[in-house]
Amino acid sequence: MPRHTWYAGFGDVRRGLARGLCRSRRGTTACRRVRMTEESGLSPALAAIAAGLPHAASPRLDVRLSPPHLKPWRDGNVLPGVWSFGAPVDGPHVAVIGLVHGNEIGGAVAMDRWLRQGLRPARGRLSLVFANLTAFERFDRDDPTASRFVDEDMNRLWDIDTLESGRRSCELRRARELRPFLDTVDVLLDLHSMLWPSDPLMLAGQSARGQALGLALGIPPLVVADQGHEAGARLIDYAPFIAPAGAARAVLVEAGSHWEQATVATMDAAASRLLHLLGAIDPAEPILPPRYLPADAPPRLVEVTRTVTARTPGFVFMRPFRGGAVVKQRNTVIALDGEEEIRTPHDDCVPVMPSLRTMPGHTAVRLARFVPERP
9 MPRHTWYAGF
19 GDVRRGLARG
29 LCRSRRGTTA
39 CRRVRMTEES
49 GLSPALAAIA
59 AGLPHAASPR
69 LDVRLSPPHL
79 KPWRDGNVLP
89 GVWSFGAPVD
99 GPHVAVIGLV
109 HGNEIGGAVA
119 MDRWLRQGLR
129 PARGRLSLVF
139 ANLTAFERFD
149 RDDPTASRFV
159 DEDMNRLWDI
169 DTLESGRRSC
179 ELRRARELRP
189 FLDTVDVLLD
199 LHSMLWPSDP
209 LMLAGQSARG
219 QALGLALGIP
229 PLVVADQGHE
239 AGARLIDYAP
249 FIAPAGAARA
259 VLVEAGSHWE
269 QATVATMDAA
279 ASRLLHLLGA
289 IDPAEPILPP
299 RYLPADAPPR
309 LVEVTRTVTA
319 RTPGFVFMRP
329 FRGGAVVKQR
339 NTVIALDGEE
349 EIRTPHDDCV
359 PVMPSLRTMP
369 GHTAVRLARF
379 VPERP
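Quick note on our numbering: the sequence shown kicks off at 9 and runs consecutively.
Now the structure itself:
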């Protein structure tokens, strides 16, 4: 069936499915999921995922980026997929990393262009890292979420016990290969994108150094201090970046929706701001956006007060909350996890990256509050 036929008829399919499910299973998770999507404003493809429709019966996700041709960069000049360039003037070692998730191709699009155009540091060392090329090589425009990883999520492996364990996987082999190199990095910018609707944001973890760096960058302006995921440690949570006695810093930019040009533009802007802030590139560097590109809004820090991990297959949001949108009132029911109500713990609650379709053991949403600005 032609794709446009799916899009034209999906509203009727969804409404028919909702009526059938709710007549036969009123109050069940399936009914709630479909009702949640009916007036959601989600694209037909995202609405189908949120409603739990099978992949074969769902519209295709829009992929508005062309996957870059990375063969020239596969071998690297220090490690496979790792390109590192030193300047004659001493300075920090700055690393920009993309493709931690193989389906999040925006960072690879940006770094491919920087390499082709000859981006080099004026001070210190600049490294560009294509993290999970094996997963990326499986990217398929017809099923673009399937290449997130090969064996396991590469951004849940960065605690020392896991890295030094006897476990084996494609992603762990790569993490172990990268680890000695990452131990030399002073400042790390990890480029990511999102499936579900959300304002761009920056994750800074629990480190005060990371939070200060995020606020100094201000692109994106929403900086999130959080505790990470129950399922495992992210790269920005790796010990050298959070050790109290250390100096290395790391932030993760969630630059926007997967496979959108605007997301790549946000990555360009964030990288430019970082490299200019650290004096790592020439002020007149033409490859990246201007040094004083204005931010969309003043930077604000939010602190996660609760990380909601799905416990049952029946986790469902009451409506499709957008990441970064403020829920004004405390005690608002935002989701159900089986029979448990998930409520906002305080006024002016900020949902961080709500996942409208999540599995048990995975983060469904983080709930945050604004940290008062210092006078």
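Every residue gets a Cβ at the ideal spot worked out from N, C-alpha and C, and that includes glycine. None of the values given here were measured: they were computed from a predicted structure.
Here Trp-91 is bridged, per DSSP, to Leu-136. Going by DSSP, Pro-248 is part of the alpha helix (DSSP H) stretching over 247–250. Val-117 is not a Cβ neighbour of Asn-140, given a cutoff of 8 Å.
Looking at the backbone, the Cα of Asp-355 and that of Ile-227 are separated by about 26 Å. The beta carbons of Thr-352 and Val-335 sit closer together than 8 Å. Counting C-beta pairs closer than 8 Å gives three or more between the segment 309–318 and the segment 364–379, which meets the contact rule.
By the beta-carbon neighbour count (other beta carbons within 10 angstroms, threshold 16), Ser-74 is exposed. Straight-line spacing of the CA atoms in Phe-323 and Asp-234 works out to 22 Å. If you draw a straight line from the Cα of Gln-214 to the Cα of Pro-188, it is about 23 Å long. Glu-347 places its beta carbon 8 Å or farther from that of Val-341. Nearest Cα to Gly-115 within the set Pro-362, Thr-274, Arg-257, Met-326: Thr-274. If you keep only unbroken alpha helix (DSSP H) runs of at least 4 residues inside the segment 144–184, you get 168–171. Per DSSP, reduced to three states, the secondary structure at Arg-68 is coil, with no helix or strand assignment. Note on Gly-110: 16 or more other CB atoms within 10 angstroms of its CB, so buried under the neighbour-count rule.
Here the C-alpha atom of Gly-84 lies approximately 9 Å from the C-alpha atom of Phe-138.
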